[in-house]
Each structure stands twice: as C-alpha cells, then as structure tokens.
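**Q** Residue numbers (my numbering): 3 to 231.
1) By Cβ distance below 6 Å, which residues in the same chain neighbour residue 215 in space, the five residues on each side in sequence not counted?
2) According to DSSP, residue 228 sits in a beta bridge with which residue or residues?
3) I'd like to confirm the pairing. Which residues does DSSP put opposite residue 167 in its beta bridges?
4) Could you pull out every unbroken alpha helix (DSSP H) segment of at least 4 residues lying fully inside the stretch 32–67, listed in chain order?
5) Counting along the chain, where does the beta strand (DSSP E) carrying residue 133 start and finish?
6) Would you kindly report the start and end of the unbroken beta strand (DSSP E) that includes residue 81?
7) Look at the alpha carbon of residue 103 and the alpha carbon of residue 71, and state the distance between them as a whole number of angstroms.
8) Run through the DSSP bridge pairs and tell me what residue 4 is partnered with.
9) Can you give me the C-alpha to C-alpha distance between residue 147 and residue 34, rounded to a whole angstrom?
10) Could you check if residue 101 is buried or exposed, using at least 16 other CB atoms within 10 Å of its CB as the buried criterion?
11) Assuming residue 30 and residue 7 make a contact with CB atoms under 8 Å, what is their CB distance in whole Å?
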C-alpha cells in the first residue's frame, strides 16, 4: 500500500517510513504540509500518517483536504506527542481512525497500520475468490470470469483489471498503476500502459451499456466507474 507520512521533524518522518517500507509498503515522507499536498495533487495514496501540530497547517486540516480531494474514507493515523485524554478525544472527533503517542514502537506501528488498512480496504484482504457483480476474480490462478464465462487475460492484464475493480470509483494515477502492475519499472513506455488499459476495457466489456466506464483522467491516470446501464 502507498502511505504518505507528514511530520515536521524529517528524521521522525524518515524513521516511520523506514519501518513501513520494511513491512512491504511504499512510504513517502514529508516535512511540510504544502509539499505533501502538492504531491497528492499529482499522485494518490492509500493512507495518511500525520503529526497533529504542523507548521503552516494542522493535522486535521490536512486530513479534511485529503478526504475531500482524494478519497472520502481515506484512512488516517495521527502520531503525536500530545498524550492527554482530551487530545485523543479531539483527534478521534476530528475524524482520525487511529491515534498513537510518541515515542512510537515499531512493531506496534506496523500492527496498527496493517489493521487500519484491512478495515479500510476489505476487498484487498479478502479470500482468493473476489466477486464484483458479474465479474469473479480467482487471485491464486489469475483467472477471471464474466457471468461464468472465462476471459483470456495475460498476467498483467489480470492484475490491472483487479487493481481497477479494487479501486472502483477512485482515480488511479499513472504512477500508482506503474508501481502496482509493473513493479515501478519507469522504463515501461507510456503507450504500453495505454495499450494494456485498452485491452482490459475491451476484453471485460467495460462500457456504459454494461454498467461500467473505464476512462482516462486528464493529466493523471485512469478511473473505473460504475454507471447506470
């Protein structure tokens, strides 16, 4: 999962990301709010970890902006030195999903992040058989069926299709798609991604008359939307 960490102490932000990268996540540290918000305008993330008190903006302000612009239910974990009961209540009342007090224990951080991501994205932690309406994905065998009829897909086409369905209604940046399907290989030509998306759209019949629209998002990436047929 892609996680953005905002802490005005760059050392703390770096240590948090080092811990989460070791746990298998892609973590980007930021030391000021404007830098992180600028990056999030170009590329999305799956979770935010925020310090409560920041220079230039408060943690809750950043959280509300991200949920308005990126994902309404974007999971947010606050990490702060404020340890009073009132501070914790204020953070949770502001919309935080989790709250941790510095100094942070690495094993607890990883456990809380994993639990929060499981709650936020249940379909990504589901069993090997994942169903989205008429589409059924068998993740172990990389097989996909539509109304029970198998669809012939390459491995990358399968992963791309599953990525879109797992993020139904959410715009995905080209960077996110590249990291998820091509393991971040920046040498992949842009037209190769576009070709794969076109094939997925065609093979899965992702057209409005079938209830879905897989469309480009200008200067950003792609989005799979469910529409009225």
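The beta carbon of each residue, even a glycine, is placed where N, CA and C say it ideally should be.
**A** The relevant details are as follows:
1) 227, 229
2) 214
3) Answer is none; residue 167 lacks a bridge partner.
4) 35–44
5) 131–134
6) 78–82
7) 27 Å
8) 28
9) 46 Å
10) buried
11) 7 Å
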